[in-house]
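Take a look at the structure set out below.
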Amino acid sequence: MRIWKSYRLRLKRKRYLARAFRKRRELKVVANRTDQIKPGDVLLFATLRNERVRLPYFLRYYRNLGIRHFLIVDNGSDDGGLEYLCDQKDVSLWGTQASYKKSRFGMDWINWLLLRHGHGHWTLTVDPDEFFVYPFCDTRPIRALTDWLDTYEIQSFPAMLLDMYPKGPIDAVPYTEGQNPFDIACWFDSGNYTISKNKQFQNLWIQGGPRARTFFADNPRDAPSLNKIPLVKWHRSYAYISSTHMMLPRSLNMTYDELGGEKSSGCLLHAKFLSPLTAKVEEELQRQQHFAESREYKAYSDALSSEPDLWCKWSEKYINWRQLEILGLMSKGNWA
Amino acid sequence: MTVGFIMMCHTALDRAAQVARHWAKSGAPVVIHVDRRVGQHDYTAMNRALADLENVSFSRRFKCEWGTFSLVEAAQVASEQMLEQHASVRHVFLASGSCLPLRPVKELVDYLDARPYTDFIESVTTADVTWTVGGMDFERFTLRFPFSWKRQRGMFDRYVALQRRLGLKRKIPDGLVPHLGSQWWCLTRQTLSAILQDPDRAGYDKYFRRVWIPDESYFQTLARLYATSIESRSLTLSKFDFQGKPHIFYDDHLQLLRRSDCFVARKIWPQANRLYQAFLAPRSEGETQSEPNPTKIDRLFSKAVERRLKGRPGLFMQSRYPLQDRENGKTSAPYSIFQGFSDLFENFDGWLAKYVGARVHGHLFGPMRTEFSGGETVFSGCLSDSAALRDYNPRAFLTSLIWNSRGERQCFMFSPRDTQAINWFTATDPNAQISVISGAWAVPLFRSTQNFSILRREAARLQQIETDHLAILRSMYVKARVRIWTMADFIENPMEPLQTIIDEISPRATRRLAEAPRMVDLTGFGQFLQNLKNQGMLPRLMGDFPVGDDPRPNSSRRGRPYLVK
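Sequence lines, in order, name chains A and B.
Sequential numbering of the first sequence, starting at 103, is according to the numbering used here.
Sequential numbering of the second sequence, starting at 57, is according to the numbering used here.
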């Protein structure tokens, strides 16, 4: 039975890889600078659409962490983002007008790029509104982390999505280009997360946070997943299954300790609740390109009309990774 | 007299070269061994980088594989070269390419000058070693290890198992007492040459060739034969974790390393620019004769290992999700559950909050909403009062609540009307203090104005739920501090149990309870129970309430507090 099960998962993985291979035709090279990639470089992979305003800070943040090359899929931006990225010396860019939904929300494209360029590298797969925080990220570059993971032969590193929000209505303070989004959206929920284990893929399913609290209080099962595994020492046989929530082979999802200990982990600070959100939600609802009939966006749209305030008196103000560590949202594990 | 350094390098040769240059310029000769698996290109680059220094030389290269004799061979050859070429060397210091000197060479020389006959080598008998990984200590010396642990793990394990099964043993050469220790040593010329020029060396080498991880035992064992005074500790600060991997130092360890007063530290992350800059910069040669004192660093690393192995009790998070019974603490702090109290007493939570320094909630698991203290809609950690969210994962709700409010004891009310999903969890949690007045759920029914048939059905339902809960609380698996009274017993003398519970919650409070909580008026309760019986339902859990002999309501009727003698 177990053999049968793992064989089925193997087929599933192969199917996803074949899908990625097929979808490669949808990607048109805009700027291919992948020949600059050197062995040992940590690479970042992202899909985006109309994020021009956020790009400068995004690139700067990850360059500071020590990301050496960005591999980005642009899904039909019309706000000048494509041109902006094209001018960056450390960005390789692919463009596509194809359906985001039909490429499993960009994962087929990313799986292809990972397969083609990620093999043998540590790869970080994030959205343009996700900012990776790991233990000692203020004093040690990402290479220190990946070297350390290498000595323990750890292949994947988890980082839970932490929704950040401003105090007051979400669209009240406009975000200006180049600004740190967490100057505005600096609040988060520290301890209302629920975890269950996905038996099939062995990953943890984490839900909760401000989105579950305000938009899904009556229907918690539909609340968005917050578990992510963004940092992986890529091998060409790996595949992301659903966003970066889980992957195959399953062993990569086992990023948690089951005997009471703590493995090391990070967080992805999520700058989603930042102006201009209302306009974005409208547009995404029009496009109908998101997960589960865009139910998440429908919930936002219903709530946003009443100018919701995600902030409450128990919200924590973000300081640094040590704070997240003390609150138990992430862990150093045995890295000291 | 001076000290000579042997450096064993296999990666980050540029860093090793920097360190070698530092030592050589300070007047200490250096012999470098570079692993033969390092490419010729990198090797010649290093050669060239150090060509201008005449007291730096390179020794014959061996292909070094972890856990094999090749590492010992490399050290032997480099030692011979050191002793031959540099007559002024009295102590030989074995270091690695990822070592970093923390104090000037002068201070090390002075330190060794003060102890000219002392060998610094960690050397412990196998019986006293606690740090070996995989449980192999003495067997390292009595079994054969022809297979590589890293590359041929399957064969390695199977061959070990086979030898154990057949009881095969190797004979340890006469006169040798196996000792283990850190492979980074500092030996005197006298001891080292005695080991290298031993007439029996060929025999010893042959024996150690098949010992597992001989670099941790060869010199450590043989030094015991010749050394006049062994200090069984390494001068190199090198910490290993529970998997036998060395802890790594980064830029942010700078102050910690400075204050440790150790001579050499290992292992340094090659890109730790600040560390290399700080410690390789020319410094005023202090006259400090302080002893190395790595306690702070020891504590840092042992805490890290403990975090990895034990974790934080009561925390469930993305990288700590223990299986049932492997939690090492189901919750993070003690808490109290009161069942039936809020039914029997008016405003019990208000009364309790007055007497215990704790946060007193209402029915946290109430069917309609979560009743946080003070009627708040959100609580610590942004826990929501939505019953749907809570019931989606009640255990996560409870553990989060306790975790979020660390430092403040949590108390809450419970009843058979509430969500019952956490009953097994709380009953088996040593942090829980569960006090039950059984049958008190009937009091609200008794005071209700509903149709009696509805009350009867409700009473039957609640009695069944409480019976199930009590069965859990009386099972052999209970770890919580459980107290159960029938309602009849409790109202007989409420102050004594209340005092016991409160003393347990805040043991330091010396104040006796001055005031009992107001009990609801129970006139006619006996008749109510009799009515239930007459309707065919048997109320069992509340104890004995004869008809007509109603419990004497306390203070409430007199309108003034009940005083305890």
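Ideal Cβ positions, reconstructed from N, Cα and C, are used throughout, including at glycine.
For residue 183/A, the nearest beta carbon of chain B is not closer than 8 Å to its own beta carbon. Restricting attention to alpha helix (DSSP H) runs no shorter than 4 residues, the region 458 to 536 of chain B encloses them at 479 to 483, 498 to 503 and 508 to 529, ordered along the chain. Between residue 521/B and residue 468/B, the gap from beta carbon to beta carbon reaches 8 Å or more.
Residue 264/B sits away from residue 133/B, with the two beta carbons spaced by 8 Å or more. The beta strand (DSSP E) runs lying completely inside the region 73 to 111 of chain B and spanning 3 residues or more are 86 to 90, given in chain order.
The C-beta of residue 267/B has 16 or more other C-beta atoms within 10 Å across all chains shown, which makes the residue buried.
Closer than 7 Å at the C-beta level to chain A, one finds these residues of the region 301 to 326 of chain B: 301, 303, 304, 306, 307, 308 and 325.
If you check each beta-carbon in the region 435 to 453 of chain B against every beta-carbon of chain A, the ones closer than 7 Å belong to 435, 436, 437, 438, 439, 440, 442, 444, 445, 448, 449 and 452.
In the DSSP annotation of this structure, the continuous segment of the beta strand (DSSP E) that includes residue 196/A starts and ends at 193 to 197.
Each residue's CA atom was taken as its position, placing residue 143/B and residue 245/B some 10 Å apart. Pairwise C-beta distances place the region 315 to 327 of chain A out of contact with the region 463 to 478 of chain B, as fewer than three of them are shorter than 8 Å. Secondary-structure assignment with DSSP links residue 342/A through a beta bridge to 349/A. Residue-level contact by beta carbon holds for residue 364/B and chain A, with a gap shorter than 8 Å. Taking a contact as a CB-CB distance under 8 Å, the pair residue 309/A and residue 327/A counts as one, their CB atoms being some 6 Å apart. The continuous alpha helix (DSSP H) containing residue 556/B extends over residues 551 to 561. With a cut-off of 8 Å on Cβ pairs, the region 150 to 160 of chain A is in contact with the region 175 to 193 of chain A, counting three or more such pairs. Beta-bridge partners assigned by DSSP to residue 261/B: none are found.
Neighbourhood of residue 335/B in chain A, by CB distance below 9 Å: empty, with the nearest CB roughly 17 Å away. For residue 460/B, the nearest CB of chain A lies under 8 Å from its own CB, placing it at the interface with that chain. The alpha-carbon of residue 180/B is positioned some 38 Å away from that of residue 428/A. A distance of 8 Å or more separates the beta carbons of residue 97/B and residue 63/B.
Contacts with chain A at 8 Å (Cβ-Cβ) include residue 361/B. In this chain, the alpha helix (DSSP H) harbouring residue 140/B covers 126 to 141. Looking at the backbone, the Cα of residue 83/B and that of residue 277/A are separated by about 60 Å. Secondary structure at residue 115/A: helix, using DSSP grouped into helix, strand and coil. By a beta-carbon distance limit of 8 Å, residue 234/B contacts residue 197/B. Their separation comes to about 4 Å. Distance check between residue 456/B and each of 497/B, 593/B, 389/B and 544/B places 389/B closest, using alpha-carbon atoms only. Listed along chain B, the residues sitting closer than 9 Å to residue 299/A by beta-carbon distance are 377. DSSP places residue 386/B outside both helix and strand once states are collapsed to three, so it counts as coil. For the pair of segments examined, the region 398 to 414 of chain A was found to touch the region 258 to 271 of chain A: the number of CB pairs separated by less than 8 Å reaches three.
The continuous alpha helix (DSSP H) containing residue 244/A extends over residues 244 to 253. Put simply, of 384/B, 588/B and 270/B the residue whose alpha carbon is nearest the alpha carbon of residue 487/B is 384/B. Beyond the five residues adjoining it in sequence on each side, residue 248/B comes within less than 7 Å, by CB distance, of 135, 139 and 148 in the same chain, given in chain order.
When C-beta distances to chain B are compared with 8 Å, the residues of the region 329 to 359 of chain A below that value are 329, 357, 358 and 359, in chain order. Counting only runs of at least 4 residues, the region 269 to 342 of chain B fully encloses the following alpha helix (DSSP H) elements, listed from N- to C-terminal order: 274 to 282, 310 to 316 and 329 to 336. For residue 121/B, no CB of chain A lies under 8 Å from its own CB, so it is not counted at the interface with that chain.
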